[in-house]
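Inspection log for the structure reproduced underneath, given as structure tokens.
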Amino acid sequence: MPGPLLDTLKGFCQPVPPVWLMRQAGRYLPEYRELRAEKGGFLELVYDSEAAAEVTVQPIRRFGFDGAILFSDILIVPHAMGQGLEFMAGEGPKLSPTLIEVELDSFTPDHDRFEPVYETVRRTRGMIDDSVTMLGFAGSPWTVATYMIAGEGSKDQGPARLLAYRDPARLQAIIDRIVATSVQYLRGQIDAGAEAVQLFDSWAGSLAPDEFERWVIAPNAAITAELKASHPDTPVIGFPKGAGAKLPAYARETGVDAIGMDETLDPAWVHASLPAGMPVQGNLDPLLVEAGGPALPKRVRAIVDAFGDRPHVFNLGHGIGQHTPISHVEELLAALRG
Ligand code: CP3
Numbered sequence: 001m002p003g004p005l006l007d008t009l010k011g012f013c014q015p016v017p018p019v020w021l022m023r024q025a026g027r028y029l030p031e032y033r034e035l036r037a038e039k040g041g042f043l044e045l046v047y048d049s050e051a052a053a054e055v056t057v058q059p060i061r062r063f064g065f066d067g068a069i070l071f072s073d074i075l076i077v078p079h080a081m082g083q084g085l086e087f088m089a090g091e092g093p094k095l096s097p098t099l100i101e102v103e104l105d106s107f108t109p110d111h112d113r114f115e116p117v118y119e120t121v122r123r124t125r126g127m128i129d130d131s132v133t134m135l136g137f138a139g140s141p142w143t144v145a146t147y148m149i150a151g152e153g154s155k156d157q158g159p160a161r162l163l164a165y166r167d168p169a170r171l172q173a174i175i176d177r178i179v180a181t182s183v184q185y186l187r188g189q190i191d192a193g194a195e196a197v198q199l200f201d202s203w204a205g206s207l208a209p210d211e212f213e214r215w216v217i218a219p220n221a222a223i224t225a226e227l228k229a230s231h232p233d234t235p236v237i238g239f240p241k242g243a244g245a246k247l248p249a250y251a252r253e254t255g256v257d258a259i260g261m262d263e264t265l266d267p268a269w270v271h272a273s274l275p276a277g278m279p280v281q282g283n284l285d286p287l288l289v290e291a292g293g294p295a296l297p298k299r300v301r302a303i304v305d306a307f308g309d310r311p312h313v314f315n316l317g318h319g320i321g322q323h324t325p326i327s328h329v330e331e332l333l334a335a336l337r338g
């Protein structure tokens, strides 16, 4: 029996929208912080399948979400492509050497790094109810490339955007390699038990229109086409954060089944602009959940009401913040489920 989240992604409306939250497993949960301290770090958690499955299930146990998202990171793909990866406390990820310093061909790929992640999916699937949908994910090639090129998060993704203008053939070769590795990785997750997958394009919003076509739409379309060829029944959710007015083109041209919306999008505009019946996901501002107060339930209801008869998965517009009080998540759920 597929759960309500999977049903919605396949185009069927539910009386109450199913819900999960981006970054639902993470630092706002005391049980996560405890296990992370015990394991010594973030990557140690990700590559320990037993611990990662436990972290994946923690928010399901606490809140009864309709989806369990695999506990991993989008930067596991560069790591498997052979780039060094570290998560420094309080500083974010560091990849080395960067693709400014060296050529992609100097890396030695180690795709065995994906095995513990697949094992996390298998273990998690065995720990959750059939009605909870198991979600896999990968970063979209543009977003992953911005980290591989700069070696870290950058304010405006300047290094990758410069490379796109100075040497598009070189960026294309990087993107093509990320596409191929991500397809392999997502197929492995689906074969291990993921029932739907999300492509996170966190930095889609930093590109000029022609560049968006080439570096956001084309690679997401390539991944989706490959997945559809091997796994036609597994829904793909595309999340092009910051796409704004380019969202309808993304929805038409990538072939994704469902669209993740960030919090800057007006739900009424999205509803009017996307193909009828195309499932959507989102888009409560994570900072409103952190702030709480009477505006929170009001906004939850307004988002739900805006989509009328369109299949809608309730979610945030971006990941939940680490300082979010747990009681505010409970208020969100109470407003949604009544
Ligand atoms: O959603 C989930 O609960 C599943 C796990 C998940 C993580 N990262 C765990 C994580 C997912 C889906 C991601 C996606 C991810 N990772 C994205 C795309 C979404 C987005 O947020 O834009 C990006 C850009 C990354 C790269 C990344 N990972 C950064 C920039 C950082 C540092 C910033 C931060 O929040 O700490 C991470 C670390 C990270 N990934 C943490 C978690 C729970 C925090 C690590 C810790 O415990 O210290």
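Once you know that position 53 of the sequence shown is 53 in the UniProt record's numbering, the rest is easy, because the numbers rise by one and skip nothing. In this text, a Cβ means the ideal position worked out from N, Cα and C, and glycines have one as well. These numbers come from a predicted model, not from an experiment.
Any chance the CB of residue i is under 7 Å from a heavy atom of ligand 1?
i: H318; result: yes
i: residue 402; result: Residue 402 is absent from the structure shown; the chain starts at 1 and stops at 338.
i: M22; result: yes
i: F42; result: yes
i: A225; result: no
i: F107; result: no
i: I326; result: no
i: T143; result: yes
i: A51; result: no
i: F65; result: no
i: I74; result: yes
i: F87; result: yes
i: G26; result: yes
i: G188; result: no
i: I69; result: yes
i: R123; result: no
i: G139; result: yes
i: P116; result: no
i: R36; result: yes
i: G92; result: yes
i: G293; result: no
i: G136; result: no
i: G260; result: no
i: G282; result: no
i: G153; result: yes
So residue i packs on residue j, CB below 8 Å; how close in whole Å?
i: V46; j: L135; result: That belief does not hold up - the Cβ atoms of V46 and L135 are roughly 16 Å apart, past 8 Å.
i: I175; j: W215; result: 7 Å
i: E263; j: H328; result: The Cβ separation is near 15 Å, so there is no contact.
i: A80; j: F114; result: 6 Å
i: E290; j: G242; result: Between G242 and E290 the Cβ distance is about 20 Å, and since that is not below 8 Å, they are no contact.
i: G282; j: M261; result: 3 Å
i: P93; j: F87; result: 5 Å
i: M148; j: L186; result: Contact flag wrong, Cβ pair sits at about 18 Å.
i: L5; j: P18; result: 4 Å
i: A68; j: T146; result: Contact doesn't hold; Cβ gap of about 28 Å is too wide.
i: D66; j: T133; result: 6 Å
What residues match up with residue i in a beta bridge as DSSP calls it?
i: H312; result: V280
i: A258; result: I237
i: Q198; result: F137 and I237
i: V19; result: F314
i: I69; result: L135
i: L5; result: None, per the DSSP bridge assignment.
i: G84; result: S96
If I measure Cβ to Cβ from residue i and keep anything under 7 Å in the same chain, skipping five residues before and after, which residues do I get?
i: V179; result: P141, P219, A222 and I223
i: E31; result: Q58
i: V236; result: V197, L199, T224, L227, V256 and D257
i: M127; result: A53 and V57
i: R33; result: R27
i: G188; result: F114 and Y118
i: G292; result: P325, H328 and E331
i: I100; result: I149 and P159
Leaving out the 5 sequence neighbours to the left and right, which residues in its chain are closer than 6 Å to residue i when beta-carbon positions are compared?
i: A335; result: P297 and V300
i: P311; result: T8, G11, C13 and P279
i: A308; result: Ala is not the amino acid found at residue 308; the sequence shown has Gly there. So the list is empty, once near-sequence residues are dropped.
i: L316; result: L21, M22, L284 and P286
i: P109; result: M81 and G82
i: P267; result: I303 and A306
i: G139; result: I74 and F200
i: A192; result: Y118, V121 and R122
i: E152; result: K94
Taking 8 Å as the limit between beta carbons, can you name the residues of its chain near residue i, skipping five residues before and five after?
i: P116; result: V46, Y47, D48, S49 and A52
i: A295; result: L288
i: S72; result: V46, A52, V117, T120 and F137
i: L29; result: Q58, P59, R62 and I326
i: H323; result: Y28 and E290
i: Q184; result: H111 and F114
i: T254; result: I217, N220, A221, T224 and G238
i: R252; result: P275
Is any beta-carbon of chain B found at less than 8 Å from that of residue i?
i: E290; result: Here chain B cannot be found, since the structure has a single protein chain.
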